[in-house]
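Quick note: to get my numbering, add 20 to the position in the sequence shown (first position is 1). Cβ coordinates follow ideal geometry from the N, Cα and C atoms, glycine included.
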Amino acid sequence: MELKNKKVVFLGDSITEGYGASDVEHRYPNVFEKISGCEIFVDGIGGTRIAKQRGVSADESWDLDFISRVPALPADADFVVVFGGTNDFGHGDAPFGTFADRTQETFCGSMHLLCQRLLEKYPYATIVFMTPLHRLYEYRTVNELGNPDLPLIEYVKMIRQICEYYSLPVLDLYKVSGMQPEIEVIRATYYMPDGLHPSDAGMEKIAKLLKGFITSL
């Protein structure tokens, strides 16, 4: 697909916001804009999650779940890129749920509703999801709030499954990013200094993978 002069909307968390990059021009949406010639709109809010939370977070902005932000996104997008899920694993308080869920009470239900809301708003746009990246401690079973949790791979697999149900393309960064922070040289020297947020080099890597993925659709 041709990207030049198209409008691409990004919906995400701190990685989309640019945390970890040296400045806003080095976050992956801006790098993507430079290498593709598109116009971007970025709605990235650090700490936010796909699922609606049951309690109030330490930072109220973290409770601006993805579904609640869809109405304010520009209506004229040609492409929509959604990148989330790592905070649902990291410090979410919503239960994981099952594929059958269709309410915001669980992560799975919220994923379904997010896909539905995006398809309703953008029936003619191309909607792309990206899975979470690998991160340190991704196989823990208790999250940062002390709540029981599933390993990150279960969130990744559910994003894949639900997107397949809605026939939405998925760039599986968990599989193909080349960034595994358990490898010290990958984490500390090149791509993910804190074990989660990409550096400038990591952001560039995501942008290039995304450009290649979208143009291949």
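Asked                                                                                                                   : Found
Residues that DSSP places opposite GLY64 in a beta bridge                                                               : GLY32
Host beta strand (DSSP E) of THR126 (start-end)                                                                         : Per DSSP, THR126 belongs to no beta strand (DSSP E) and is neither H nor E.
Spatial neighbours of LEU239 in its chain, beta-carbon cut-off 6 Å, leaving aside the 5 residues before and after       : Examination of residue 239 is not possible in this model, given that the chain is present from 21 through 237 alone.
Three-state class that DSSP yields for LYS141 in the structure shown                                                    : helix
Nearest to GLY40 (by Cα), restricted to the options LEU237, ILE234, GLY232, ARG207                                      : ARG207
LEU172 versus ASP220, LEU216, ASP98, TYR48, residue with shortest Cα-Cα distance                                        : LEU216
Integer Cβ distance of LEU84 from THR68, believed to fall under 8 Å                                                     : 5 Å
Proximity to TRP82 [Cα-Cα], best of ASP33, GLU204, GLY232                                                               : ASP33
Residues of its chain near TYR142, where Cβ-Cβ distance is below 7 Å and the 5 sequence neighbours each way are ignored : ALA97, VAL100
Complete runs of the alpha helix (DSSP H) confined to the region 134–220 [at least 4 residues]                          : 172–185, 193–196
Proximity below 7 Å, CB of ILE179 to CB of TYR48                                                                        : no
7 Å CB neighbourhood of ILE70 in its chain, flanking five on each side removed                                          : ASP85, PHE86, GLY104, GLY105, ASP108, PHE127, SER130, MET131, LEU134
Cα-Cα separation, GLU125 to ARG137                                                                                      : 16 Å
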